[in-house]
Amino acid sequence: MATELVEDSSNISQDINMKYDEEEDAGTSDEESSISSHEKRWYALNKSRGVTLSMLMSDGMIKPGKRVLSIDYLGRQFVADLLDNGKIKTHDNLYNTPSAWATHCKRIVNPDKKSGCGWASVKYGGKKLDTWKSIWCRKQRPHSPYSNNRSSPASLSGENGHGENGSRVSTPRGFDDSRSDSRFIDSPRSTSSPLTIYNGNNTAINKPFFNLYCDEIQEEALNLSLHHESDENKNVITERKCFTFDKNGAKPSVKYESIGKRSLDIDPNTLVECEFFRSYGKLQPFTITITSNAVLLMDYHCHLTHSEVVGYLGGKWDSKSQHMSIRQIYPCRCRLGDKEKAPLIEEEIRRQMSHAGLSLVGWYHSHPHSQADPSLKDIGCQMSYQLKMKGSGSSYLPCLGFIVAPYDRKKIKDNSSVQAYWVMPPPENRPSDYGVPMLMKYSISQNESISEDLLSEMKKLIEFYKGSLDIVDYGEEWRDAKTYINKIQASLSTRLPTDQSEKGSLMDFVKDLLLKSK
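Counting in UniProt numbering, the sequence shown runs from 1 upward without gaps.
Following this line, the structure appears as structure tokens:
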């Protein structure tokens, strides 16, 4: 599925899945044109392209029929027939590929749309086509545990077709961007014996090593169009799902050097201490400033709920001075998993960012009751975004991650921990290691005053979480006879603009908002 914000922001590459589908639907190459159908299947499997609807139908994965295909885009729904020859029919029009139909539909809603998302947009039987394609590929692999399993996605949890003991952990698709000039990085292959996979329940299943790097287990926090969690599968780790941490806090963070090689039997929620560039004999690759209003709103957003939240960073990148200036943050007023509302929220953020003349330069999320160190999932996510956005030469654009820890009880002071991080590829002699989380130093540029837009966003956020089960009870004791509202005020008071005369009125404004939220 494509992230509208990422697609349309300047200097940002299209979503990897979208590019995959566009290349796949562009037609067969000379290499493919003269090979047999059996060889074409091998090519499709091993080259990760060339899978067709006809292949899925010939293997009984999907069946032709009327109105069996659908696209949901920005509140509009389109339906079409799947013909016996693998073509798509809608009214009197025929389309050769899912991408062709997706492009047509999206241009109806958004005439400026330049391309469709193909397999990542079109659904069959309520499941996206790339889900069916992923299952088909697994069944073709001779050593796959799914190769003899003919169950359909309807019996599997999540849209990407993981079974009852399935798992999603975040690992970058290509974890060393120094070895390729391409933004589209092939997944490493291995003939290693199956490894155990952690599924959040300490039970293990066998899964081939090559699946460690597949898109189907790649978390996408910057893409809000995420999957609903199955009621029958509540313990499976899903893509950036909303969940509540134990209020007593998480386990201590581990040193990066203690992790070793990638392994699916490692808890993906393991927190890892960030490394210092000086320890590697390196300098921080770029400098960073962020406005005090941006930090204030980010801190406020993360305080409102016991569940994890996500937002975007809007700013400017100066390629000459290698400096990132973060001007505004854009909270996602959307539950992480709400597939209906997510595209609308992203489109709204894209418009706001474009109107302000800003570019997407990163993301933030919260660790409600743990320290602000990245998890293994966060490390994989961050590396994935860096690869998507990096560009090359003058079009290079970095991507920065922020983690906010509002209720870390191990912290002595009441202000939240706000940590910026970036991921460095593992050493060339250890390519199977995790990416290295690096601490990024930043400076705060104080705004002169609180903007009306910031106050308006504060109101919208509290309205969004109002009445939800995971909203913070601000009258409840936080610690040391301090209530949660005292804690929030103490933290926000450290993020104020130059004009300190606004402190009293802002704190009163925040208190009034929070007390009316219940």
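Where is the CB? At the ideal position from N, CA and C, for every residue including glycine. Keep in mind that this is a model prediction, so the values were computed, not measured.
Which residue comes first and which comes last in the alpha helix (DSSP H) that contains residue i?
i      : result
Thr103 : Pro98 to Val109
Phe402 : Not the alpha helix (DSSP H): Phe402 falls in the beta strand (DSSP E), residues Leu400 to Ala405.
Pro343 : Ala342 to His355
Lys460 : Glu452 to Tyr465
Ile259 : Ile259 -> no alpha helix (DSSP H), and no H or E assigned at all.
Tyr95  : Taken as a continuous stretch (DSSP letters only), Tyr95 belongs to no alpha helix (DSSP H), being part of the beta strand (DSSP E) at Asn93 to Tyr95.
Lys487 : Tyr484 to Leu492
Leu56  : Leu53 to Ser58
What residues in its chain sit with their C-beta under 8 Å from that of residue i, if we drop five residues either side in the sequence?
i           : result
Arg430      : Lys261
His323      : Phe286, Thr287, Ile288, Thr289 and Trp317
residue 521 : Examination of residue 521 is not possible in this model, given that the chain is present from 1 through 518 alone.
Thr291      : Ile326, Arg327, Gln328, Ile444, Ser445, Gln446 and Asn447
Tyr465      : Leu304, Thr305, Ile471 and Ser517
Ile412      : none
What residues are listed by DSSP as bridge partners for residue i?
i      : result
Gln77  : Asp72
Asp512 : None, per the DSSP bridge assignment.
Trp422 : Met438
Leu313 : Ile329 and Gly362
Thr291 : Ser445
Ser375 : Leu271
Lys127 : Tyr124
Ile471 : Thr305
Quick check on residue i: buried or exposed, where buried means 16 or more other Cβ atoms within 10 Å of its Cβ?
i           : result
Leu514      : buried
residue 519 : Past the boundaries of the shown model lies residue 519; the chain is included only from 1 to 518, so the question cannot be answered.
residue 521 : Nothing can be reported for residue 521: it is not among the residues displayed for the chain, which extend from 1 to 518.
Ile108      : exposed
Ser279      : exposed
Lys388      : buried
Asp499      : exposed
Ala481      : exposed
Lys410      : exposed
Ser505      : exposed
His367      : buried
Phe276      : exposed
Leu283      : exposed
Gln386      : buried
His91       : exposed
His365      : buried
Pro268      : buried
Lys516      : exposed
Asp130      : buried
Asn93       : exposed
Ser359      : buried
Pro426      : buried
Lys66       : exposed
Glu428      : exposed
Lys251      : exposed
Glu308      : buried
Inspect the beta-carbon positions of residue i and residue j and report whether they are closer than 8 Å.
i           : j      : result
His306      : Asp470 : yes
Gly314      : Tyr300 : no
Pro71       : Ser134 : The sequence given here places Ile at residue 71; Pro does not occur at that position. No, Cβ-Cβ distance for Ile71 and Ser134 is not below 8 Å.
His369      : Tyr407 : yes
Pro437      : Val254 : no
Gly391      : Trp363 : no
Pro64       : Asp84  : yes
Ser491      : Lys503 : no
Val68       : Leu56  : no
residue 553 : Cys274 : This structure leaves residue 553 out entirely; the chain is present only between 1 and 518.
Pro497      : Ile450 : yes
Ile403      : Ala356 : no
Glu457      : Leu297 : yes
Asp59       : Trp136 : yes
Skipping 5 residues on each side, what residues in its chain have a beta carbon closer than 7 Å to that of residue i?
i      : result
Val295 : Val418, Ile444 and Arg495
Tyr484 : Val472, Asp473, Tyr474, Glu476 and Trp478
Asp338 : none
Thr270 : Val254, Ser375 and Leu376
Tyr442 : Ile288, Thr289, Ile290 and Ala420
Asn415 : Ala490, Ser491 and Thr494
Quick one: give me the first and last residue of the beta strand (DSSP E) that residue i is part of.
i      : result
Ser359 : Ser359 to Ser366
His323 : His323 to Pro331
Ser416 : Looking at the DSSP string, Ser416 is not in any beta strand (DSSP E), and its letter there is neither H nor E.
Glu477 : Glu477 to Arg479
Lys89  : Ile88 to Thr90
Quick one: residues in its chain with C-beta nearer than 6 Å to the C-beta of residue i, no 5 flanking neighbours on either side, listed in chain order?
i      : result
Met507 : Gln489
Thr191 : Unreliable positioning characterises Thr191 in this predicted model, as indicated by a pLDDT of 28, which lies under 50. A coordinate reading is not provided.
Phe78  : Ile71 and Cys105
Say yes only if the C-beta of residue i is nearer than 7 Å to one or more non-hydrogen atoms of the ligand GTP, and no if none qualify.
i      : result
Arg430 : Annotation note on the ligand GTP: not contained in the displayed structure, which lists no ligands.
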